[in-house]
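For the record, the sequence lines run as chains S and U.
Under the working numbering, the first residue of the first sequence carries the number 597, and numbering increases by one thereafter.
Under the working numbering, the first residue of the second sequence carries the number 987, and numbering increases by one thereafter.
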Amino acid sequence: MLLTSVKRLRSMGIIGMNQRNFGLIGRYNPRHLYPLVDDKLKTKRLAQEAGITVPQLLGTVHYQHDVRRLKDMLSAYNQFVIKPVKGSGGKGILVITEQDHNLYYKPSGDAVKLSHIERHVSNILSGLHSLGGKPDAVMIESLIQIDPVFEDYSYEGIPDLRVIVLQGYPIMAMLRLATHASDGRANLHQGAVGVGIDIGTGEALHAVQYGDPVYFHPDTRKPFSNLTVPHWDKLLELAAACYEMTGLGYLGVDIVLDRNQGPMIIELNARPGLSIQVANFAGLAPRVAAVEALETIDPDPQSRVQFSKRNFAAVRNLIRPRRRTNPAAFTLLATKTN
Amino acid sequence: MQASARLYTVVILILFTGIGLILYKHLILGFPLMPDEKKFVWTIEAKIDFQATGEPVIVSFALPPKEPRLTFMEEDFASSDYGFSELSSDEEQRRVQWSKRSAKGAQTAYYRLSVYENDKLIESQPSDDPLPPQKPELDEVFLTASLTLLETVRAKSANPEIFTRELIQTLNSPSPNQNQRLLRNDKAGEDYKTDLILNLLALEGISARVVRGLFLEDGRRRQSLTNFVEIHDGQKWILFDQDTGRSGKPGNFLIWQRGGQSLLDVIGGKNSQVSFSIIKNIHSTRNLVVNSGMHAQAGLIDFSIYSLPIEQQTAFKMILLLPIGALIVVIMRILVGIRTSGTFMPILIALALIQTTLITGIVIFLIVVSTGLLIRSYLSRLNLLLVARISAVIIVVITIIASISIISHKLGLSQALQVTFFPMIILAWTIERMSVLWEEDGPREVFIQGAGSLLTAVIAYLFMTNRTVEYLTFNFPELMLVNLALILILGQYTGYRLTELYRFHSMGRHHASDKR
Chain S
597 MLLTSVKRLR SMGIIGMNQR NFGLIGRYNP RHLYPLVDDK LKTKRLAQEA GITVPQLLGT
657 VHYQHDVRRL KDMLSAYNQF VIKPVKGSGG KGILVITEQD HNLYYKPSGD AVKLSHIERH
717 VSNILSGLHS LGGKPDAVMI ESLIQIDPVF EDYSYEGIPD LRVIVLQGYP IMAMLRLATH
777 ASDGRANLHQ GAVGVGIDIG TGEALHAVQY GDPVYFHPDT RKPFSNLTVP HWDKLLELAA
837 ACYEMTGLGY LGVDIVLDRN QGPMIIELNA RPGLSIQVAN FAGLAPRVAA VEALETIDPD
897 PQSRVQFSKR NFAAVRNLIR PRRRTNPAAF TLLATKTN
Chain U
987 MQASARLYTV VILILFTGIG LILYKHLILG FPLMPDEKKF VWTIEAKIDF QATGEPVIVS
1047 FALPPKEPRL TFMEEDFASS DYGFSELSSD EEQRRVQWSK RSAKGAQTAY YRLSVYENDK
1107 LIESQPSDDP LPPQKPELDE VFLTASLTLL ETVRAKSANP EIFTRELIQT LNSPSPNQNQ
1167 RLLRNDKAGE DYKTDLILNL LALEGISARV VRGLFLEDGR RRQSLTNFVE IHDGQKWILF
1227 DQDTGRSGKP GNFLIWQRGG QSLLDVIGGK NSQVSFSIIK NIHSTRNLVV NSGMHAQAGL
1287 IDFSIYSLPI EQQTAFKMIL LLPIGALIVV IMRILVGIRT SGTFMPILIA LALIQTTLIT
1347 GIVIFLIVVS TGLLIRSYLS RLNLLLVARI SAVIIVVITI IASISIISHK LGLSQALQVT
1407 FFPMIILAWT IERMSVLWEE DGPREVFIQG AGSLLTAVIA YLFMTNRTVE YLTFNFPELM
1467 LVNLALILIL GQYTGYRLTE LYRFHSMGRH HASDKR
């Protein structure tokens, strides 16, 4: 079936774009706070002040004539990430994992020359990737080291976790996995896999690629049934604390796990998308209603996380076999639905 | 809650004002709600421009003759500080004169006429025989060529009417012989051709005169008069199109002047010229009477778009359609959920489509954008800064547009000349944005957004060219209020978009594990 009914979506509590723009973004996100999250340098500074771990800033480029200093700037680092300060949706991000004899290697193994990086930087400066094409700046960050838990679930990129935080309460979470189809990017439109994560436990609940359920990573063939995000409480607390940090009531918090440094905030989003509902096979509306029903917002992120874990934990897990002792049941399920 | 209550109050207020005004105009002032085919009024405005030299100025201008089939509703003459008089009130040869002691610089005078065709049936009355034509004085070579031509034509014709038609067709033949080429002198203009035909007819002894007139087409600006030739066949005058030889008065052709007198004489000025604007208003005959009767009292009409000069009215006809386009965009984005590249670009494309007609416009749009994308993909390899690259794309777009015009002109496809109506800077931005989209999100996204923009544009076009919509928006600008109210209401819609039913389609299925 290619279309579903309005009735069905409503009964599942799915929030549509209009409802999101009107009832969530328009209601909880005052316009004047946007720069805090749209400018990643500002976000980084704010996070550091609040004691939240962020990837290390290696350098910035603000002007076109500084582009020629890039070589000196990069020579000290073997691995780095180049990002537009005001980019959105993962656009314009260049990852270099190795530097050797004036050649820079991307995660795919392709080598690029310095001139390629220079052009990329000057494109960012002239606003190619920023919202509304405004002139932008470039930031160079240290590369995140993938956590061993995710090694089996990643094709090239580092998986990142998107947590939706409403008035400080984490209400839904999703892990985004790059695939070969998405060209190493964690963008669901382009074929990345979205894995719904249980707010209560950090376990994988349900996964989709191109909007349809999948049961294992399309490239590594690893089943999601034994995927659990580590440091789960710490991670939710980080996300919850971003509410105080920015003042934005409806926030998408992007978190990565570094092998050595643990959870880090890489980006905040004041207009988080709605695919997270498909990944979780659940609508946001009932959880929004639960938070809106609260009379006061708890000022302590930790107790907010406890509230969320109590109220938004999954009732049943859609990809874990009920009898965990029998892995054959899962295989059976996977072959049946494919 | 309070905010939405306030909004609905405003919406209801706007809605009632809009509908109230429409009903008032319809019921009290008698504007019909639907366009009526038979009864329309042409308003023609002649604008006379010249440079006064500082000496006394006399401008004399020919007016269209009053004919029984036409009802002249209203005639206005306007020009600042000029004395004005009607020179001759002869119905056939009307002329007016503006005069001033001294003037300097650019001067403008207006003449405005509202006219409609009545349903009177008239017998064509026999007219007095005209004087026999005077033989023209021609040089030897020319005379020989003329006589040869007349002889060939005469051999093929039986009476003056057939003779004239045959003569005009021979002169316009696409493969002229040496004789015809000498006579018709392709470099000369329309007036030369008219003179030539009159001279040849005079040589043959047929009485003829020039007739100048205006083709009435809605929304035309900066038009000029077209020459026709009229002959007397012994009983009556017959009108001929001097380009095709077809006889009889074409529909929607307003005869402005008969005979060889000048259209415009300016003494004390130079660089004088006349241009005509035409607009069609649709009223019922009853309302024409009501309308002119109300003219003095009804402020609503006195302060309406009708009181503007025709040139501005024509522009407004287009501008008043824009809200319809905006409404379509709102519906497509909020209710349907179609993604377009650039929020209001579809309206601009729709406006261009109105000028070019649908199919031609879409073909041109696709050619320009796809060629632009190809060239842009090369430009991206040249390592340019963004602003320079977009500027380069603008030049590329203009080059493409110029080539399309030239090639299609050579191929004889006149429609493709309309390509200039496309907003070039917007096209350049579209190309730039689509090529970035291509690099970042792949061709699929480019296709989705491109198709979305085009679909929205076509739907907006279909609404904006609908005769009823066009009629209503122009004659009831109050509809804009209703439109505004609709858009305000749509701005409150928080339900699902149509495309979200597809986006969340997998949510509609019961989950696999539910079946067990």
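Ideal Cβ placement from N, Cα and C applies to all residues, glycine included.
Just the C-alpha distance for Leu1136 of chain U and Leu1186 of chain U, rounded to the nearest angstrom, thanks. Locating residue 1136 of chain U in the second sequence gives position 150, where the first residue counts as 1. Locating residue 1186 of chain U in the second sequence gives position 200, where the first residue counts as 1. Roughly 7 Å separates the two Cα atoms.
Would DSSP call Asp756 of chain S helix, strand or coil? Locating residue 756 of chain S in the first sequence gives position 160, where the first residue counts as 1. Asp756 of chain S: strand per DSSP, three-state reduction.
What's the C-alpha gap between Val1027 of chain U and Leu1099 of chain U? If you number the second sequence from 1, residue 1027 of chain U lands on position 41. If you number the second sequence from 1, residue 1099 of chain U lands on position 113. Answer to the nearest angstrom: the Cα atoms are 10 Å apart.
From this set, S:Gly655, S:Pro755, S:Val761, S:Gly753, which residue's C-alpha is nearest Ala733 of chain S's C-alpha? By 1-based counting over the first sequence, the position of residue 733 of chain S is 137. It is S:Gly655.
Return the residue from the list U:Ala1378, U:Phe1128, U:Asp1219, U:Thr1039 that minimises the CA-CA distance to Phe1149 of chain U. Locating residue 1149 of chain U in the second sequence gives position 163, counting from the first residue. Of the candidates U:Ala1378, U:Phe1128, U:Asp1219, U:Thr1039, the one whose C-alpha sits nearest the C-alpha of Phe1149 of chain U is U:Asp1219.
Run down chain U in chain order and give the residues with a C-beta less than 7 Å from the C-beta of Leu599 of chain S. To locate residue 599 of chain S, count along the first sequence from 1; it is residue 3. Residues of chain U whose Cβ lies closer than 7 Å to the Cβ of Leu599 of chain S are, in chain order, Leu1487, Tyr1488, His1491.
Excluding the 5 residues flanking Met841 of chain S on each side, which residues of the same chain have their C-beta closer than 6 Å to its C-beta? Looking up residue 841 of chain S in the first sequence gives position 245. Hits under 6 Å: Leu642, Ala646.
From what residue to what residue does the beta strand (DSSP E) around Met735 of chain S run? On the first sequence, position 139 is the one that residue 735 of chain S refers to. That run of the beta strand (DSSP E) goes 734 to 737.
Can you name, in chain order, every residue of its own chain whose Cβ lies under 6 Å from the Cβ of Ser990 of chain U, other than the five neighbours on each side? For the purposes of this step, residue 990 of chain U is identified with residue 4 of the second sequence, where counting begins at 1. The answer is none, since no qualifying residue turns up.
Going by beta-carbon coordinates alone, are Arg772 of chain S and Asp756 of chain S separated by less than 8 Å? Position 176 of the first sequence, counting from 1, holds the residue named residue 772 of chain S. Position 160 of the first sequence, counting from 1, holds the residue named residue 756 of chain S. Yes, the pair counts as a contact, with Cβ atoms nearer than the cut-off.
Cβ shell of Glu1023 of chain U (< 8 Å), same chain only, five flanking positions each side left out: Counting from 1 along the second sequence, the entry for residue 1023 of chain U is found at position 37. With a pLDDT of 49 at Glu1023 of chain U, under the threshold of 50, the modelled position of that residue is not reliable, and no figure is offered here.
For Gln1243 of chain U: DSSP bridge partner residues: Here residue 1243 of chain U refers to the residue found at position 257 when the second sequence is read from its first residue. Per DSSP, U:Arg1198.
For Ser937 of chain S, count the other beta carbons within 10 Å of its own beta carbon; 16 or more makes it buried, fewer makes it exposed. Which is it? Given a span of 597 to 934 for chain S in the structure shown, any question on residue 937 of chain S remains unanswerable.
Here's a check: name, in chain order, each residue in its chain whose Cβ is nearer than 7 Å to the Cβ of Thr1180 of chain U, leaving out the five neighbours to either side. Along the second sequence, one-based indexing puts residue 1180 of chain U at 194. Within its own chain, the residues whose Cβ lies closer than 7 Å to the Cβ of Thr1180 of chain U, once the five positions on either side in sequence are excluded, are Val1196, Asn1213, Val1215, Gln1228, listed in chain order.
CA-to-CA distance, Leu1440 of chain U to Thr1329 of chain U, given in whole angstroms: Counted from its first residue, the second sequence places residue 1329 of chain U at position 343. Counted from its first residue, the second sequence places residue 1440 of chain U at position 454. Cα-Cα distance, rounded: 12 Å.
Return the chain-ordered list of same chain residues with a C-beta closer than 7 Å to the C-beta of Arg920 of chain S, the five sequence neighbours on each side being excluded. Reading the first sequence from its first residue, position 324 is the one you call residue 920 of chain S. Reliability fails at Arg920 of chain S, whose pLDDT of 44 lies under 50, so the model's placement of it is uncertain and the value that follows must be treated cautiously. Excluding residues within five positions, none has a Cβ falling inside 7 Å.
Starting from Leu1189 of chain U, trace the beta strand (DSSP E) both ways and give me its first and last residue. The count along the second sequence starts at 1 and reaches residue 1189 of chain U at position 203. Not the beta strand (DSSP E): Leu1189 of chain U falls in the alpha helix (DSSP H), residues 1176 to 1190.
According to DSSP, is Val911 of chain S helix, strand or coil? Here the question's residue 911 of chain S lines up with position 315 in the first sequence. Val911 of chain S: coil per DSSP, three-state reduction.
Identify the contact partners of Leu1373 of chain U in chain S, using a Cβ-Cβ distance below 7 Å as the criterion. Within the second sequence, numbered from 1, the residue matching residue 1373 of chain U stands at position 387. Note that residue 1373 of chain U is Val in the sequence shown here, rather than Leu. Residues of chain S passing the Cβ test: Ser722.
From Gly837 of chain S to Pro897 of chain S, what distance separates their C-alpha atoms? To locate residue 837 of chain S, count along the first sequence from 1; it is residue 241. To locate residue 897 of chain S, count along the first sequence from 1; it is residue 301. According to the sequence as given, residue 837 of chain S is Ala; it is not Gly. Approximately 6 Å, taken between the alpha carbons.
Neighbourhood of Gly688 of chain S by C-beta distance below 6 Å, restricted to the same chain and skipping five residues each side: As a first step, residue 688 of chain S is located in the first sequence; it is residue number 92 there, counting from the start. Contacts found: Pro680, Ile720, His725.
N- and C-terminal bounds of the alpha helix (DSSP H) containing Gln1435 of chain U: As a working mapping, residue 1435 of chain U is identified with position 449 in the second sequence. Residues 1429 to 1451.
Chain-ordered neighbours of Thr1454 of chain U on chain S, where CB pairs are closer than 8 Å: Residue numbering aside, residue 1454 of chain U sits at position 468 when the second sequence is read from its first letter. None at all; the shortest Cβ gap to chain S is about 30 Å.
Assigned secondary structure, Met768 of chain S (DSSP; H/G/I helix, E/B strand, else coil): Stepping through the first sequence from its first residue, residue 768 of chain S is reached at position 172. It is a strand residue.
Taking the straight line between their C-alpha atoms, what separation do you get for Arg867 of chain S and Ile678 of chain S? Residue 867 of chain S sits at position 271 when you count from the first residue of the first sequence. Residue 678 of chain S sits at position 82 when you count from the first residue of the first sequence. Roughly 23 Å separates the two Cα atoms.
Leaving out five residues before and five after Ser1085 of chain U in sequence, what residues of the same chain have Cβ atoms less than 6 Å from its Cβ? To locate residue 1085 of chain U, count along the second sequence from 1; it is residue 99. Around Ser1085 of chain U: Ile1044, Gly1069.
Quick one: what does DSSP say Met669 of chain S is sitting in, helix, strand or coil? Taking the first sequence and counting its residues from 1, one reaches residue 669 of chain S at position 73. Three-state result, Met669 of chain S: helix.
Whole angstroms are fine: how far does the CA of Val691 of chain S sit from the CA of Phe1318 of chain U? Position 332 of the second sequence, counting from 1, holds the residue named residue 1318 of chain U. Position 95 of the first sequence, counting from 1, holds the residue named residue 691 of chain S. With the sequence shown as reference, residue 1318 of chain U is identified as Met, and Phe is not the correct amino acid for it. Their backbone Cα atoms lie some 38 Å apart in a straight line.
For Val1043 of chain U, which residues does DSSP report across the bridge? Indexing the second sequence from 1 puts residue 1043 of chain U at position 57. BP columns for Val1043 of chain U point to U:Lys1086.
Between the Cα of Leu1503 of chain U and the Cα atoms of U:Val1432, U:His1012, U:Ser1132, which residue gives the shortest distance? Summary: the structure shown does not reach residue 1503 of chain U, with chain U confined to residues 987 through 1502, and so no result is reported for it.
For the candidate residues U:Arg1325, U:Met1493, U:Thr1094, U:Arg1489, whose alpha-carbon lies nearest to that of Asn1257 of chain U? Residue mapping note: residue 1257 of chain U aligns to position 271 of the second sequence, counting from 1. When only C-alpha atoms are compared, the closest one is U:Thr1094.
In angstroms, rounded to a whole number, what distance separates the CA positions of Asn674 of chain S and Gln857 of chain S? As a first step, residue 674 of chain S is located in the first sequence; it is residue number 78 there, counting from the start. As a first step, residue 857 of chain S is located in the first sequence; it is residue number 261 there, counting from the start. Distance between the alpha carbons of Asn674 of chain S and Gln857 of chain S is about 19 Å.
Beta-carbon neighbours of Ile1320 of chain U, restricted to chain S and to distances below 9 Å: In the second sequence, the residue the question calls residue 1320 of chain U occupies position 334. Result: Met613, Asn614.
Going along chain U in order, which residues have a C-beta closer than 8 Å to the C-beta of Ile713 of chain S? Counted from its first residue, the first sequence places residue 713 of chain S at position 117. Under the 8 Å cutoff, chain U gives no residues; its nearest Cβ is about 12 Å from Ile713 of chain S.
Spell out whether any CB of chain U is found under 8 Å from the CB atom of Val804 of chain S. On the first sequence, position 208 is the one that residue 804 of chain S refers to. It does: the Cβ of Val804 of chain S has a partner Cβ on chain U nearer than 8 Å.
Among S:Lys830, S:Val825, S:Tyr659, the one whose alpha carbon lies nearest that of Ile648 of chain S: Position 52 of the first sequence holds residue 648 of chain S. Comparing Cα positions, the closest option is S:Lys830.
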